[in-house]
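Asks: Protein chains in written order, with this note's numbering: chain A, 1 to 71; chain B, 1 to 136.
The beta carbon of each residue, even a glycine, is placed where N, CA and C say it ideally should be.
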Amino acid sequence: MTGVAIRNEIRRLRFEHGEMTQQDLADKIGVTRQTVNAIEQGKYSPSLEAAFRIAAVFDTPLEGVFHYSKD
Amino acid sequence: MPFREKSAWISLLSISLIYGVYFWSVVHAGPHAGFHFGSLLATVIALIVVQIVLHIVIAIAAPKDAKAPRDEREKLIELKASRFAYSGLATAIALACFFGALDPPIVFNTNALLFVLVTVELMRTSCQIIQYRRGA
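Structure, rendered in structure tokens:
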């Protein structure tokens, strides 16, 4: 069976941006810390709008944060 | 634990306990006992008071979380839970139509409808809690 997955670099990007906490990122994009945690762990795929907000916080294009891959 | 998950736990536990006592008294009264409106009113008032007090307590403990609007994931969780509960409601209504044809006494119908409402609400809050726990 072929599966697809959206992976992300949020944890690394947070670390590279002054060890930003999940709560800091959550406050910047207007979601809860638990939602940031769920996105980071790949348990929840954010809306396109939230994905763009995350990319804007890290000042990087969307593909610099999220990767779509086929397993 | 996020505010909304705590809220779901409060709903689940308070509804289970308070309506549990009510339905226990209904079952013990037997099928031919009359409908006690006072008992139901006391149950509803107790539920409202307990939920308001407990929600005030958790809001005081985390005022920022309590004031924050639901985010997209929390809205999705609520929608999924409502969809799950709807399937239970639809099933229960179909069963009620079937048993209604058997012409049961009105007191049975009233309590059966109430039981359906309580069960559906428990399904909804349980589903929310499971999704919060999974982190979905």
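Which term fits Phe15 (chain A), buried or exposed, when burial requires 16 or more other beta carbons within 10 angstroms of its beta carbon?
Replies: The residue labelled residue 15 (chain A) in the question sits at position 15 within the first sequence. With fewer than 16 other Cβ atoms within 10 Å, it is exposed.
Asks: Under the three-state reduction of DSSP, which class applies to Ser47 (chain A): helix, strand or coil?
Replies: By 1-based counting over the first sequence, the position of residue 47 (chain A) is 47. The answer is coil: DSSP assigns Ser47 (chain A) none of H, G, I, E or B.
Asks: Are the Cβ atoms of Leu12 (chain B) and Ile129 (chain B) separated by less than 8 angstroms?
Replies: Here residue 12 (chain B) is taken as the residue at index 12 of the second sequence, counted from 1. Here residue 129 (chain B) is taken as the residue at index 129 of the second sequence, counted from 1. Yes, the Cβ-Cβ distance between Leu12 (chain B) and Ile129 (chain B) is below 8 angstroms.
Asks: Could you tell me the distance, in whole angstroms, from the CA atom of Gln29 (chain B) to the CA atom of Ile77 (chain B)?
Replies: Within the second sequence, the letter at position 29 stands for residue 29 (chain B). Within the second sequence, the letter at position 77 stands for residue 77 (chain B). Here residue 29 (chain B) is Ala; the residue named in the question, Gln, does not match the sequence. Ala29 (chain B) and Ile77 (chain B): Cα-Cα distance of roughly 39 angstroms.
Asks: Which parts of the region 41-101 of chain B are runs of the alpha helix (DSSP H), unbroken and 4 residues or longer, counting only runs that do not cross its ends?
Replies: Whole alpha helix (DSSP H) segments, 4+ residues: 63-67, 72-100.
Asks: Within this structure, are the beta carbons of Ala71 (chain B) and Val31 (chain A) separated by less than 8 angstroms?
Replies: For this step, residue 71 (chain B) is matched to residue 71 along the second sequence. For this step, residue 31 (chain A) is matched to residue 31 along the first sequence. What sits at residue 71 (chain B) in the sequence shown is Asp, not Ala. For Asp71 (chain B) and Val31 (chain A), yes; Cβs fall inside 8 angstroms.
Asks: Can we count Val65 (chain A) as close to the ligand ZN, meaning its CB is less than 7 angstroms from some heavy atom?
Replies: Annotation note on the ligand ZN: not contained in the displayed structure, which lists no ligands.
Asks: Consult DSSP for Phe58 (chain A) and reduce its assignment to one of helix, strand or coil.
Replies: As a first step, residue 58 (chain A) must be located in the first sequence, where it is residue number 58. Coil, per DSSP.
Asks: For Phe3 (chain B) versus Ala62 (chain B), is the C-beta spacing smaller than 8 angstroms?
Replies: Translated into positions along the second sequence, residue 3 (chain B) becomes position 3. Translated into positions along the second sequence, residue 62 (chain B) becomes position 62. Taking 8 angstroms as the Cβ cut-off, Phe3 (chain B) and Ala62 (chain B) qualify as a contacting pair.
Asks: Using a C-beta cutoff of 8 angstroms, does Thr21 (chain A) count as contacting chain B?
Replies: Position 21 of the first sequence, counted from the start, is the residue given in the question as residue 21 (chain A). No, its Cβ sits nowhere closer than 8 angstroms to a Cβ of chain B.
Asks: Thinking C-alpha only, which one of B:Gln51, B:Ala90, B:Ile45, B:Val26 is nearest Trp9 (chain B)?
Replies: Position 9 of the second sequence, counting from 1, holds the residue named residue 9 (chain B). With distances taken between Cα atoms, Trp9 (chain B) lies closest to B:Gln51.
Asks: May I ask you to list, following chain order, the residues of the region 36-63 of chain A that have a beta carbon less than 9 angstroms from some beta carbon of chain B?
Replies: Listed by position along the chain: Asn37, Ala38, Ile39, Gln41, Lys43, Tyr44, Pro46, Ser47, Glu49, Ala50.
Asks: Lys69 (chain B) to Arg33 (chain A), Cα distance in whole Å?
Replies: Counting from one through the second sequence, the residue named residue 69 (chain B) turns up at place 69. Counting from one through the first sequence, the residue named residue 33 (chain A) turns up at place 33. What sits at residue 69 (chain B) in the sequence shown is Pro, not Lys. Distance between the alpha carbons of Pro69 (chain B) and Arg33 (chain A): 13 angstroms.
Asks: Taking His67 (chain A) as part of the beta strand (DSSP E), name the residues at either end of that continuous run.
Replies: Against the first sequence, residue 67 (chain A) aligns to sequence position 67. From DSSP, the beta strand (DSSP E) with His67 (chain A) extends over 66-70.
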